[in-house]
Each structure stands twice: as structure tokens, then as C-alpha cells.
């Protein structure tokens, strides 16, 4: 049995010419729900919901789709406010990030709808890191505009 090499999916390392195998995912073994990183301390008082995910770009998603013959529409992406910056008054001038989203604090259902631990580990290997919590660009009162329920 050969050992699969984990794929590091940074923009610098992603080359379409080289076809690498994705890390193996053994779905034959039962696995509990994934454990997420600790929620930010201000999750209840923040005026925005949090999104758990990995920073990405449209280019990365297109390259990933071509490289692994996957449909990027199966991934949920969100625009978020980067870590460590205050919420700007005018979002048009803000340095926003695009993330592939895994979970949301918008509802109990969206928070507890989780991949298995095996799937979570696989995703972390594909993205090369654990996901992080980011603040949504939209205010909580405008969450429904995302169309994610």
C-alpha cells in the first residue's frame, strides 16, 4: 500500500500541469462529527456572524477544479473581513478576503451541520491548514441575503 502525499493547496504551489493525487479519505470507517476551533470570544456580541473556512481566491478554485476534475460550485464561498483588522466604516475600501466556508454561526443548524472528523482532516490536508473563524462582511440582520439556510 503506497502512502499518499498530502496536497498543499497554496496559490504559489498550485500548478495545473502536475496532476497530484488528493489525500485518501477512508469513508468505510465510522467517524464522529468534526471538532472545530474555539469560537471567537465576541461571537454573541459581534454585529456579524462568523464563518469558519480557508482563505482562497477565484483563481485557486478554478485551478483546483481543473486539476482534480471537481465542480467548484460544490464549495460555498463567502467574503469576509480578514483577521486582526477592525470593521471599516466603508466596506468598499476594506481589504476583504474570499474563503471556502465550512460552518457558520448564523444558526444552530448551520453550526452543527458538520463534516465527519475524517472529512475535516481531509479538507485540512487539502488546504494545508486548519480552518479559521472570520467575521462575515454582512451584518447579522442581513444574513438572509446570502441565501444560506
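Residue numbers (this note's numbering): 1 to 149.
For each residue, glycine too, the CB sits at the ideal point set by N, CA and C.
A quick note: this is a predicted structure, and the numbers were derived from the prediction, not measured.
Does the separation of the CB atoms of residue i and residue j fall below 8 angstroms?
| i | j | result |
| --- | --- | --- |
| residue 100 | residue 134 | no |
| residue 37 | residue 132 | yes |
| residue 48 | residue 114 | no |
| residue 75 | residue 66 | no |
| residue 64 | residue 70 | yes |
Does the beta carbon of residue i sit closer than 8 angstroms to a beta carbon anywhere in chain D?
| i | result |
| --- | --- |
| residue 100 | Chain labels in this structure do not include chain D; a single protein chain is all it has. |
Please report the distance separating the alpha-carbon of residue i from that of residue j.
| i | j | result |
| --- | --- | --- |
| residue 105 | residue 88 | 21 angstroms |
| residue 35 | residue 117 | 7 angstroms |
| residue 78 | residue 147 | 11 angstroms |
| residue 108 | residue 149 | 10 angstroms |
| residue 127 | residue 41 | 25 angstroms |
| residue 93 | residue 73 | 28 angstroms |
| residue 119 | residue 45 | 31 angstroms |
| residue 68 | residue 129 | 19 angstroms |
| residue 59 | residue 39 | 29 angstroms |
| residue 145 | residue 121 | 31 angstroms |
| residue 112 | residue 123 | 17 angstroms |
Tell me which residues share the same chain as residue i and place their Cβ nearer than 6 angstroms to its Cβ, disregarding the 5 neighbours each side in the sequence.
| i | result |
| --- | --- |
| residue 102 | 52, 53, 131 |
| residue 110 | 104 |
| residue 97 | 55, 80, 82 |
CB-CB under 7 angstroms to residue i, same chain, minus the five flanking residues each way: which ones, in chain order?
| i | result |
| --- | --- |
| residue 140 | 47, 48, 49 |
| residue 43 | 50, 105 |
Below 8 angstroms CB to CB, which residues in the same chain sit around residue i once its five sequence neighbours on both sides are set aside?
| i | result |
| --- | --- |
| residue 91 | 137 |
| residue 143 | 49, 106, 136 |
| residue 95 | 82, 85 |
Taking only three categories from DSSP, how would you classify residue i?
| i | result |
| --- | --- |
| residue 121 | helix |
| residue 32 | coil |
| residue 137 | coil |
task: Mind listing, in chain order, the continuous beta strand (DSSP E) runs of no fewer than 3 residues lying wholly within the segment 38-92?
output: 50-56, 76-81
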